[in-house]
Amino acid sequence: MATPHDLDATDPLNGFRDRFVIDDDLVAYLDGNSLGRLPKATQERLAAFVREEWGGRLIRGWTESWVDLPVTVGDELGAALLGAAAGQTVIADSTSVNLYKLLHAAAGVRPGRDEIVIDATNFPTDRYLVESVARARGMTVRWVTPDLVDNVTVEVLRPALGERTAVVLLSHVDYRSGTLLDLASLTAEVHAAGGVVIWDLCHSAGVVEIELDALEVDFAVGCTYKYVNAGPGAPAFAYVAERHLAAAEQPIAGWWSAADLFAMSDTYESSPTIRRLLSGTPPVAGILAVQQGVRLIAEAGVEQIRAKSEALTAYAIELLDEAGLEIVTPREPALRGSHVTVRHPDARRLAEEMVERGVVPDFREPDLIRLGLSPLTTSFAEAAAGIAVLVGLAE
Ligand SMILES: Cc1ncc(COP(=O)(O)O)c(C=O)c1O
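Position 294 of the sequence shown, counting from 1, maps to 1285 under the working numbering, and the rest follow consecutively.
Shown next as structure tokens:
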């Protein structure tokens, strides 16, 4: 097996690590799939924003540049990360809030159909929101119950689809197993049944190549604090395919989604553009952080990032296999995202002891340890050092 130092020496993305603030005392940070590291460019951009724009321009900042940021940064993110042409992506709110909006909007473009399909392995917020929106609209939730590792395939989904299917909500990468779903074939399957699909891209945006326009995805959401490195609570993104825009009505109609923001009109009319997905005043500092994260990814290139992600996860799996630990992440690189998950009866204790030894993974109930490998910041040496600590504790 090549040494981790050899792998780092030949890694074309190795230099990107220096573009991030790494002044902690950790042996290994293996949780970039929960909260990515801070880019140095973001530190500088936010300091300049606070000093010059907020401090210097005050309210004038809105009309000088801030008002359009949700859409202009949305376009940048869409182009670099999502394969999305301009005018279909906004930066706004949290993933949960955007999901709420898009579930309503998606159900609205399929009138006469009354089922929302979701898998039982999906992230809690996705499941809770589907139940809540179905309740509010008098719809029925149709559950799919896949195996955690194989997750949702066309064969698993097909029996749940039919004439009643309005919306299907799927996560591109399973938050526990790291399984990467086949976005192309699943989207086509939903369309064949006459429904529309919402993809949750939280664990794939910025680390997996995504082609929303080419694959005719209808709607998508995702967060920016994982592989986009935009910081805790950074705003999420929402994508609506251009063909659905005119009919996509979301329920949190506010002054920012209105046709004319400053008209203060007596009656509400939705903006004809993607701005209709907004609601209230956007978080400017957070959007600027998203912009910096997106620019770093664009510079590195998602294709290169994905290649390193596959190499890092393969390397981690090799080390974990050697130690005889149980892995619940697919072994086929094309079937996994950028984290590798270990199942162990003492997972909680092991994760706590790892943190005490300077290695940060995360623990997921009841018995899973996720090792997040962020290609722009995780070196092979860091992955090896972190896994060595886990292996030592598990012996
Ligand atoms: C797959 C997935 N969906 C949704 C969310 C929820 O995002 P938020 O808390 O930003 O609304 C998360 C958070 O980690 C997630 O991993």
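Ideal Cβ positions, reconstructed from N, Cα and C, are used throughout, including at glycine.
Just verifying my parser: in three-state terms, what is the DSSP assignment at Ser1370? Taking the first residue of the sequence shown as position 1, residue 1370 is located at position 379. If DSSP states are grouped into helix, strand and coil, Ser1370 belongs with coil.
Taking the beta strand (DSSP E) that Leu1362 belongs to, which residues open and close that run? Position 371 of the sequence shown, counting from 1, holds the residue named residue 1362. Looking at the DSSP string, the run of the beta strand (DSSP E) that includes Leu1362 is 1359-1363.
Counting along the chain, where does the beta strand (DSSP E) carrying His1330 start and finish? Counted from its first residue, the sequence shown places residue 1330 at position 339. Start and end: 1330-1334.
Reduced DSSP category for Pro1150 - H, G, I as helix; E, B as strand; rest coil: In the sequence shown, the residue the question calls residue 1150 occupies position 159. The answer is helix: DSSP assigns Pro1150 an H, G or I state.
Any heavy atom of ligand 1 closer than 8 Å to the Cβ of Thr1304? Locating residue 1304 in the sequence shown gives position 313, where the first residue counts as 1. Every heavy atom of ligand 1 is 8 Å or more from the Cβ of Thr1304, so no.
What residue ranges within the stretch 1046-1110 form continuous beta strand (DSSP E) runs of no fewer than 3 residues, ordered along the chain? When DSSP assignments are scanned along the stretch 1046-1110, the uninterrupted stretches of beta strand (DSSP E) that are 3 or more residues long and fall wholly within it turn out to be 1080-1083, 1106-1110.
Could you have a look at Ile1296 and say whether DSSP puts it in helix, strand or coil? The residue labelled residue 1296 in the question sits at position 305 within the sequence shown. For Ile1296, the secondary structure class from DSSP, reduced to helix, strand or coil, is helix.
Spatial neighbours of Cys1214 within its chain, please: C-beta separation below 7 Å, excluding the five flanking residues on both sides. For the purposes of this step, residue 1214 is identified with residue 223 of the sequence shown, where counting begins at 1. Cβ neighbours of Cys1214 beyond the five flanking positions: Thr1086, Cys1193, Ala1227.
From Trp1246, Ala1232, Leu1316, Arg1167, pick the residue whose C-alpha is nearest to that of Asp1022; which is it? Position 31 of the sequence shown holds residue 1022. The option with the nearest alpha carbon to Asp1022 is Arg1167.
Residue nearest to Arg1155 in terms of C-alpha spacing, selected from Leu1326, Pro1102, Asp999: What you label residue 1155 is simply residue 164 of the sequence shown in a count that begins at 1. Cα-wise, what sits closest to Arg1155 is Pro1102.
Identify, in the order they occur along the chain, each residue of the same chain with its Cβ nearer than 8 Å to the Cβ of Gly1129, setting aside the five sequence neighbours on each side. Here residue 1129 corresponds to residue number 138 of the sequence shown, with the count starting at 1. Asp1105.
Leaving aside the five residues before and after Glu1317 along the sequence, list all residues of the same chain whose C-beta is less than 8 Å from its C-beta, in chain order. In the sequence shown, counting from the first residue as 1, residue 1317 sits at position 326. Within its own chain, the residues whose Cβ lies closer than 8 Å to the Cβ of Glu1317, once the five positions on either side in sequence are excluded, are Val1333, Arg1334, His1335, listed in chain order.
Report buried or exposed for Ala1238, applying the criterion of at least 16 other Cβ atoms within 10 angstroms of its Cβ. Your numbering for residue 1238 matches position 247 in the sequence shown. That one is exposed.
Which residues in the same chain have their Cβ closer than 7 Å to the Cβ of Glu1260, if we skip the five residues on either side of it in sequence? Locating residue 1260 in the sequence shown gives position 269, counting from the first residue. Contacts found: Ala1249, Ala1250.
Helix, strand or coil for Arg1128? Go by DSSP, reduced to three states. Along the sequence shown, read from residue 1 onward, the residue named residue 1128 stands at position 137. Note: Arg1128 maps to helix in three-state DSSP.
Looking at the unbroken beta strand (DSSP E) that takes in Thr1156, where does it start and where does it end? Residue mapping note: residue 1156 aligns to position 165 of the sequence shown, counting from 1. Per DSSP, Thr1156 belongs to the beta strand (DSSP E) from 1156-1162.
One question on the structure: do Ile1107 and Val1158 come within less than 9 Å of each other, judged by their Cβ atoms? Here residue 1107 corresponds to residue number 116 of the sequence shown, with the count starting at 1. Here residue 1158 corresponds to residue number 167 of the sequence shown, with the count starting at 1. Cβ distance < 9 Å, so Ile1107 and Val1158 count as in contact.
Give the DSSP-derived three-state secondary structure of Ala1019 in the structure shown. By 1-based counting over the sequence shown, the position of residue 1019 is 28. Reduced to three states, the DSSP call for Ala1019 is strand.
Helix, strand or coil at Asp1191 according to DSSP, with G and I counted as helix: For the purposes of this step, residue 1191 is identified with residue 200 of the sequence shown, where counting begins at 1. Correct three-state label for Asp1191: strand.
Could you tell me which residues DSSP puts in a beta bridge with Ser1261? Residue 1261 sits at position 270 when you count from the first residue of the sequence shown. According to DSSP, which records beta bridges pairwise, Ser1261 is partnered with Ala1249.
For ligand 1, is there any heavy atom lying closer than 8 Å to the beta carbon of Asp1090? Translated into positions along the sequence shown, residue 1090 becomes position 99. Per the sequence presented here, residue 1090 reads as Leu, with Asp not at that position. True, at least one ligand heavy atom lies under 8 Å from that Cβ.
Taking the runs of the alpha helix (DSSP H) that are 4 residues or longer, which of them lie wholly in the stretch 1195-1238? 1233-1236
Would you say His1330 touches ligand 1, meaning its beta carbon is less than 8 Å from a heavy atom? In the sequence shown, residue 1330 corresponds to position 339, counting from 1. No, the beta carbon of His1330 sits no closer than 8 Å to any heavy atom of ligand 1.
Straight-line Cα distance separating Ala1096 from Val1140: Numbered from its first residue, the sequence shown carries residue 1140 at position 149. Numbered from its first residue, the sequence shown carries residue 1096 at position 105. Going by the C-alpha atoms only, they are around 31 Å apart.
Taking all protein chains shown into account, do 16 or more other C-beta atoms lie within 10 angstroms of the C-beta of His1330, making it buried, or fewer, making it exposed? Looking up residue 1330 in the sequence shown gives position 339. Label assigned to His1330: buried.
Give me the Cα-Cα distance between Gly1363 and Gly1027, rounded to the nearest whole angstrom. The count along the sequence shown starts at 1 and reaches residue 1363 at position 372. The count along the sequence shown starts at 1 and reaches residue 1027 at position 36. In a straight line, the C-alpha of Gly1363 is about 10 Å away from that of Gly1027.
What three-state label does DSSP hand Asp1312 in the structure shown? For the purposes of this step, residue 1312 is taken as residue 321 along the sequence shown, with counting starting at 1. The answer is helix: DSSP assigns Asp1312 an H, G or I state.
What does the Cβ neighbour count give for Leu1176, buried or exposed, with the cut at 16 atoms within 10 Å? Sequence index remark: in the sequence shown, residue 1176 carries index 185 (1-based). Per the sequence shown, residue 1176 should be read as Ser rather than Leu. When all chains shown are included, Ser1176 counts as exposed.
C-alpha distance - Leu1311 paired with Ala1376, whole-angstrom precision: Here residue 1311 corresponds to residue number 320 of the sequence shown, with the count starting at 1. Here residue 1376 corresponds to residue number 385 of the sequence shown, with the count starting at 1. Leu1311 and Ala1376: Cα-Cα distance of roughly 12 Å.
Considering only heavy atoms of ligand 1, does any lie closer than 8 Å to the CB of Phe1114? Position 123 of the sequence shown holds residue 1114. Under cutoff, so the answer is yes.
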